[in-house]
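Letter by letter, the sequence shown follows residues 390 to 623 in the working numbering.
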Amino acid sequence: MGVSRSEAGKLVRSGAVTLAGAALRNPSLRLDAQAAALACGARELNAKQHVTLMLHKPAGVLSASRDARAKTVVDLLPPEYARRGLFPAGRLDKDATGLLLLTDDGELAHRVISPKKHVWKTYEVLLAAAPDAAQLDAVQNSITLADGQRCLPAVAVRTPKPNVVLVRIREGKYHQIKRMFAAAGNAVAGLKRTAVGGLALDEGLAPGEYRELGETDIARIFEQPAPLTPESFA
Numbered sequence: 390m391g392v393s394r395s396e397a398g399k400l401v402r403s404g405a406v407t408l409a410g411a412a413l414r415n416p417s418l419r420l421d422a423q424a425a426a427l428a429c430g431a432r433e434l435n436a437k438q439h440v441t442l443m444l445h446k447p448a449g450v451l452s453a454s455r456d457a458r459a460k461t462v463v464d465l466l467p468p469e470y471a472r473r474g475l476f477p478a479g480r481l482d483k484d485a486t487g488l489l490l491l492t493d494d495g496e497l498a499h500r501v502i503s504p505k506k507h508v509w510k511t512y513e514v515l516l517a518a519a520p521d522a523a524q525l526d527a528v529q530n531s532i533t534l535a536d537g538q539r540c541l542p543a544v545a546v547r548t549p550k551p552n553v554v555l556v557r558i559r560e561g562k563y564h565q566i567k568r569m570f571a572a573a574g575n576a577v578a579g580l581k582r583t584a585v586g587g588l589a590l591d592e593g594l595a596p597g598e599y600r601e602l603g604e605t606d607i608a609r610i611f612e613q614p615a616p617l618t619p620e621s622f623a
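Right under this line is the structure:
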């Protein structure tokens, strides 16, 4: 709601806060957060146990909760969300764009980012040059990075644009896609995440915009995504 604890108490005692239309005047009253139909004036209050957002991350913003020197994704949110302690469930490079999940649910975040869960992430990758067959084959078949780390098999599909490919990975090594294509002999010029699991980025969201996810949305994160084809590129 964006008010302090003492201010909230004053609102309750004044009768401004209602439950199912009836004024509440006891700030100490305990309520069922899931069932309570709370409102302050004409505004419904968010009494959810956890909140998860889909953010269309813009370029130039850090995937972090706070940073003393740079703008973070949490800085894009209004105070009522920032005060809940939301944090990124996973990360996108500073110059990357696309779907980033923000949540205050630690268990959900663990399920999303844990390598053991193998949640697929899908990306549109702009390359410096159109990839040849050998480069795509290398990316798909457990390519070894420059530091010796071996990647799990990925999916890479050409699109109607010669230097844009769709890539799907199920792990999250540091700068992984950039390093995969570097090891294959190419370079990434642009990166956009378009889906996490079966949950696709809402293209109605402009960069910097977000929306809350419901239970159905969250369930899609852990669903098997549809097969990638050239037609998957919008």
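All residues carry an ideal CB built from backbone N, CA and C; glycine is no exception.
- Under a 10 Å Cβ-count criterion, THR583 is classified as buried, with 16 or more other Cβ atoms of the shown protein chains found around its own Cβ.
- In the three-state reduction of the DSSP assignment, TYR563 falls in the coil class, being assigned neither a helical nor a strand state.
- Ranked by Cα distance from GLN529, the first of LYS581, LEU491, ARG547 is ARG547.
- As the crow flies, the alpha-carbon of CYS540 is around 10 angstroms from that of ARG568.
- Between ASP484 and the set VAL514, ILE502, SER503, the nearest pair of CA atoms involves VAL514.
- Our two residues, PRO614 and ARG455, have alpha carbons roughly 32 angstroms apart in a direct line.
- Under the Cβ criterion (8 angstroms, minimum of three pairs), the region 593–601 counts as touching the region 438–450.
- Secondary structure at PHE622: coil, using DSSP grouped into helix, strand and coil.
- Rounded to the nearest angstrom, the gap between the Cα atoms of PRO542 and ASN575 is 18 angstroms.
- In this model, LYS505 and LEU497 are separated by some 14 angstroms (Cα to Cα).
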